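>
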Amino acid sequence: MAEPILEVRDLVKHYPLTRGILFRKQVGAVRAVDGVDFALGRGETLGIVGESGCGKSTVAKMLVNLERPTSGSIRYKGEDITRLSGRALKAVRRNIQMVFQDPYTSLNPRMTVGDIIGEPYDIHPEAAPKGDRRRRVRELLDVVGLNPEYINRYPHQFSGGQRQRIGIARGLALRPEVIVADEPVSALDVSVQAQVVNLMDRLQSEFGLAYVFIAHDLSIVRHISDRVGVMYLGRIVETGTDTEIYEHPTHPYTQALLSAVPVPDPAAREHRERIILTGDVPSPTNIPSGCRFRTRCWKAQERCALEVPALAVPEWFGTAGGPAAHDSACHFAAEKQVVPVDEDGDGPG
Ligand SMILES: Nc1ncnc2c1ncn2[C@@H]1O[C@H](COP(=O)(O)OP(=O)(O)OP(=O)(O)O)[C@@H](O)[C@H]1O
Ligand code: SF4
Ligand SMILES: [Mg+2]
């Protein structure tokens, strides 16, 4: 991997569960994020994928300091930003910007597009362009493929895809090095999703951006990710390069997610095996002992209830090397090709 720009170690966010009106007593905790590790290289894209409620947005919010971690560290260029405050924190925050999931609710309907995109300059005047701010905003509109003449329009005058372009322009205003995109295309029509992903791809090479790209669907992140982390109930259970994850998954949960990805080719579709997970995702207030996936895993054995599997390269792959030798938190990690591999190696979608 390229030199890491962000390094996340044992990141935890627990929300206290309290009871009582006069005397509030903590009776438990929502373990929304429960020990997440990853590194993000310069100019690289890390895809984070997992079902609803697994803690993706909570990770995103901690990265941009909208939530404070319960414990763990987030290093930006080697410095732990969870310990910063005041001016030092502000300077770092400028470099890590967020693009939100829902472009319908994340843009203030009473502000013009020009004011929305230029708003970060009010918060960070030190990073505002000298002289004509509106000129810079027009340039940003142009960069994201919108007509600069639209600067005085309001959000309701734009389509969903255009609104997300506005959200991206705002994210770019301070020239950040990292963009955390929390399901940036999930609220958009399928036909528009690819356009926005392609735009983000182009901006990445143009501005040397690193992305944390969050999605609940594996097919969306494949195209843009260099590496992928699969999350389940507050933890990353498998991580590797896109080829390792899509073509050589070793964790049963990843295999199940992949088996649900739409395959456009009918012949290929017939040959693939659907893995249907039984049971519901357990509550993050009551996480199963041992392997947290065991209540839904078709391979679970006694050991799975007793020992927490570490996120590491399984020993039996370590010596052999090859694409199956990547981090997988499973006592019985084994390769299983779920999705037929395309000729162009680009997978589904
Ligand atoms: N402020 C909060 N107080 C208590 N629990 C919370 C809070 N915010 C999130 N949670 C819980 O933490 C868990 C993780 O939520 P989070 O929003 O991070 O999931 P997600 O993976 O982004 O889900 P989705 O795909 O639906 O966006 C959920 O069980 C959620 O209900
Ligand atoms: S450790 Fe056990 S329960 Fe967990 S994924 Fe592996 S086989 Fe399934
Ligand atoms: Mg979310």
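Following full-length UniProt numbering, the numbering of the sequence shown begins with 1 at its first residue and continues without gaps.
We put the beta carbon where it would ideally sit given N, CA and C, even for glycine.
Remember, it's a predicted structure, so these values are computed and weren't measured experimentally.
Would you say PRO69 touches ligand 1, meaning its beta carbon is less than 7 Å from a heavy atom?
Counting from one through the sequence shown, the residue named residue 69 turns up at place 69. Incorrect: PRO69 has no Cβ contact closer than 7 Å to ligand 1.
> Secondary structure at GLY229, three-state DSSP: helix, strand or coil?
For this step, residue 229 is matched to residue 229 along the sequence shown. Three-state result, GLY229: strand.
> Please classify ASP346: is it buried, with 16 or more other beta-carbons within 10 angstroms of its beta-carbon, or exposed?
The residue given as residue 346 occupies position 346 in the sequence shown. Only weak support exists for where ASP346 lies, its pLDDT of 46 falling under 50; the value from the coordinates is given anyway. Exposed.
> Counting by C-beta, which residues lie closer than 5 Å to a heavy atom of ligand 2, in chain order?
This criterion selects PRO252, CYS291, PHE293, ARG294, CYS297, LYS299, ALA300, CYS304, PRO309, CYS330, HIS331, PHE332.
> Is the Cβ-Cβ distance between VAL36 and VAL64 less than 8 Å?
Position 36 of the sequence shown, counted from the start, is the residue given in the question as residue 36. Position 64 of the sequence shown, counted from the start, is the residue given in the question as residue 64. Not a contact, by the Cβ cut-off of 8 Å.
> State yes or no: is the C-beta of GLU51 nearer than 7 Å to some heavy atom of ligand 3?
Mapped onto the sequence shown, residue 51 falls at position 51. Flag unset: Cβ of GLU51 not near ligand 3.
> Tell me the rounded alpha-carbon separation between VAL338 and THR105.
Locating residue 338 in the sequence shown gives position 338, where the first residue counts as 1. Locating residue 105 in the sequence shown gives position 105, where the first residue counts as 1. So the two alpha carbons sit approximately 37 Å from each other.
> What does the Cβ neighbour count give for VAL190, buried or exposed, with the cut at 16 atoms within 10 Å?
Your numbering for residue 190 matches position 190 in the sequence shown. VAL190 should be labelled exposed.
> For ligand 3, is there any heavy atom lying closer than 7 Å to the beta carbon of GLU302?
Translated into the one-based positions of the sequence shown, residue 302 becomes position 302. No.
> Please state the DSSP three-state secondary structure of LEU11.
Within the sequence shown, residue 11 is the residue found at index 11, counting from 1. Three-state result, LEU11: strand.
> State the beta-bridge partners of ILE179 as determined by DSSP.
In the sequence shown, residue 179 corresponds to position 179, counting from 1. According to DSSP, ILE179 bridges with GLN97, TYR211.
> Return yes when the C-beta of SER106 is under 7 Å from any heavy atom of ligand 3, and no when it is not.
In the sequence shown, the residue the question calls residue 106 occupies position 106. No, ligand 3 has no heavy atom inside 7 Å of this Cβ.
> Could you compute how far the alpha carbon of LEU6 sits from the alpha carbon of HIS156?
Residue numbering aside, residue 6 sits at position 6 when the sequence shown is read from its first letter. Residue numbering aside, residue 156 sits at position 156 when the sequence shown is read from its first letter. Each residue's Cα considered, the two are about 36 Å apart.
> Would you decide whether PRO252 is buried or exposed? Buried here means 16 or more other CB atoms lie within 10 Å of its CB.
One-based indexing of the sequence shown puts residue 252 at position 252. Classification of PRO252: buried, given that the 10 Å Cβ count is 16 or more.
> Under three-state DSSP, which class holds TYR121?
Start at 1 with the first residue of the sequence shown, and residue 121 comes out as number 121. Residue state, collapsed to three classes: helix.
> Along the alpha helix (DSSP H) that carries GLY161, what are the first and last residues, could you check?
Start at 1 with the first residue of the sequence shown, and residue 161 comes out as number 161. It spans 160 to 172 - the alpha helix (DSSP H) in which GLY161 sits, taken as one unbroken run.
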